[in-house]
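**Student:** Each residue of the sequence shown is one higher than the last, beginning at 0 in my numbering. Quick reminder that beta carbons are idealized off the backbone N, C-alpha and C, glycines included. All figures in this text were calculated on a predicted structure; none of them were measured in a lab. Have a look at this one.
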Amino acid sequence: MNKKEMNAISILTVSIAFMELTGIPSVIFINIKIVDIEPMYFNLMINFLIIGIVAYFVLKYLCPNWELGLKKEGLANGLKKYGTVGVAVAVISFFAFYIGLMPFDLKPSLFKVLIEGVIYHIGVACIEELYIRGMLLNLIEKFCYKSKNKTLIAILFSSVIFGVGHIFGVLNQSAFVILSKVVQTVGMGIFFGTVYKKTKNLWLPIIFHFLINVSALPYCFSDLQGYANLTLYIVVPTYFILGIGSLMIINKD
0 MNKKEMNAIS ILTVSIAFME LTGIPSVIFI NIKIVDIEPM YFNLMINFLI IGIVAYFVLK
60 YLCPNWELGL KKEGLANGLK KYGTVGVAVA VISFFAFYIG LMPFDLKPSL FKVLIEGVIY
120 HIGVACIEEL YIRGMLLNLI EKFCYKSKNK TLIAILFSSV IFGVGHIFGV LNQSAFVILS
180 KVVQTVGMGI FFGTVYKKTK NLWLPIIFHF LINVSALPYC FSDLQGYANL TLYIVVPTYF
240 ILGIGSLMII NKD
């Protein structure tokens, strides 16, 4: 293990998580208002750009040997092997959100739908997979290098952190919603981690993460904050099964 690289990656991982969760620094000095788009989205997207620039220089000059998996190798085969599952989960999620939010009571502008429903999620998928799978998961695996189950431990632990990190968006909801959100995102994280370690390609979890996030597009047309029970009754079992199935794949090795 290269301790200097691991220390640099550890600091970078914590810094990215802090910036994503708080919106700092852009939230302090930027307040962009365009039509009906929430200013928060511009703050977060600017933070994504800052994170990308900082991560690029840290990885290039301080951690040149760190393997993220942003490459072509494994992409095509990974899409063939896991693409059907990834797309199916995204479609199921879209259906769950759609029927849970009906009837729709908002008429958003095209810009709002594009920014909040699509473009923003490109940044979310790239940044979260960069530091959760590309950095945190690999860090945990390296720390557990003596264990024969190091990959399984890394996938599980990083997925739990991924799930707990999403609690902040539903803190004002019921305990049932909070627990459901954690189960959903942990299952999702296990799938992303499994795909990543089986293919050694970070583009695959980025693609699947984006597709699943975009499945929440119906929220652009609804004033509802949080999750409808009907939606949870569909997505929670779906992601629970997804997580268990992914663990079975990893345990085969």
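Taking only runs that begin and end inside the stretch 110 to 198, name each unbroken alpha helix (DSSP H) of 4 or more residues, in chain order.
**Tutor:** Entirely contained in the stretch 110 to 198, the alpha helix (DSSP H) runs reaching 4 residues are, in chain order, 119 to 127, 137 to 142, 149 to 164 and 174 to 198.
**Student:** Answer yes if the stretch 193 to 200 comes into contact with the stretch 64 to 81, meaning at least three C-beta pairs across the two stretches below 8 Å, and no otherwise.
**Tutor:** Short answer: they touch.
**Student:** Can you list, in chain order, the residues of its chain with a C-beta nearer than 8 Å to that of residue 94? Leave out the 5 residues immediately preceding and following it.
**Tutor:** 233
**Student:** So, using beta-carbon positions, are residue 87 and residue 212 closer together than 8 Å?
**Tutor:** no
**Student:** Mark residue 83 as exposed unless 16 or more other C-beta atoms lie within 10 angstroms of its C-beta, in which case mark it buried.
**Tutor:** When all chains shown are included, residue 83 counts as exposed.
**Student:** Going by C-alpha distance, which of 249, 185 and 176 is nearest residue 230?
**Tutor:** 176
**Student:** Contact between the stretch 118 to 132 and the stretch 40 to 52 is defined here as three or more beta-carbon pairs at a separation below 8 Å; is this criterion met?
**Tutor:** yes
**Student:** Residue 136 and residue 153: beta carbons closer than 8 Å?
**Tutor:** yes
**Student:** To the nearest angstrom, report how far apart residue 248 and residue 147 are at their CA atoms.
**Tutor:** 16 Å
**Student:** With H, G and I counted as helix, E and B as strand and the rest as coil, what does DSSP make of residue 40?
**Tutor:** helix
**Student:** Buried or exposed for residue 258, going by 16 or more other Cβ atoms inside 10 Å?
**Tutor:** In this structure the chain extends from 0 to 252, so residue 258 is not present and cannot be described.
**Student:** Report the rounded CA-to-CA distance for residue 55 versus residue 225, giving the unit in angstroms.
**Tutor:** 35 Å
**Student:** Check whether the stretch 150 to 167 touches the stretch 27 to 43, counting contact only when three or more Cβ pairs, one atom from each stretch, lie closer than 8 Å.
**Tutor:** Judged by Cβ distances under 8 Å, the stretch 150 to 167 makes no contact with the stretch 27 to 43, as fewer than three pairs qualify.
**Student:** Rounded to whole angstroms, what's the CA-CA distance from residue 188 to residue 68? Just pull it up for me.
**Tutor:** 17 Å
**Student:** Have a look at residue 202 and residue 191 and give me their C-alpha separation to the nearest angstrom.
**Tutor:** Computed Cα separation, rounded: 10 Å.
**Student:** Quick one: grab the DSSP three-state call for residue 247.
**Tutor:** helix
**Student:** Would you say residue 154 faces chain B, with C-beta separation under 8 Å as the test?
**Tutor:** Considering every chain present, this structure includes no chain B. It has just one protein chain.
**Student:** Once DSSP output is grouped into helix, strand and coil, what is the label at residue 103?
**Tutor:** coil
**Student:** Please state the DSSP three-state secondary structure of residue 227.
**Tutor:** coil
**Student:** In angstroms, rounded to a whole number, what distance separates the CA positions of residue 151 and residue 242?
**Tutor:** Cα atoms of residue 151 and residue 242: separation of roughly 12 Å, rounded to the nearest angstrom.
**Student:** Could you give the first and the last residue of the continuous alpha helix (DSSP H) run that contains residue 7?
**Tutor:** That run of the alpha helix (DSSP H) goes 2 to 21.
**Student:** Could you name the residues of the same chain whose beta carbon sits closer than 8 Å to that of residue 22, not counting the 5 residues immediately before and after it, in chain order?
**Tutor:** 39, 42, 43 and 46
**Student:** Verify whether the separation of the beta carbon atoms of residue 256 and residue 52 is less than 8 Å.
**Tutor:** The shown model of the chain, from 0 to 252, leaves out residue 256, and the question about it has no answer.
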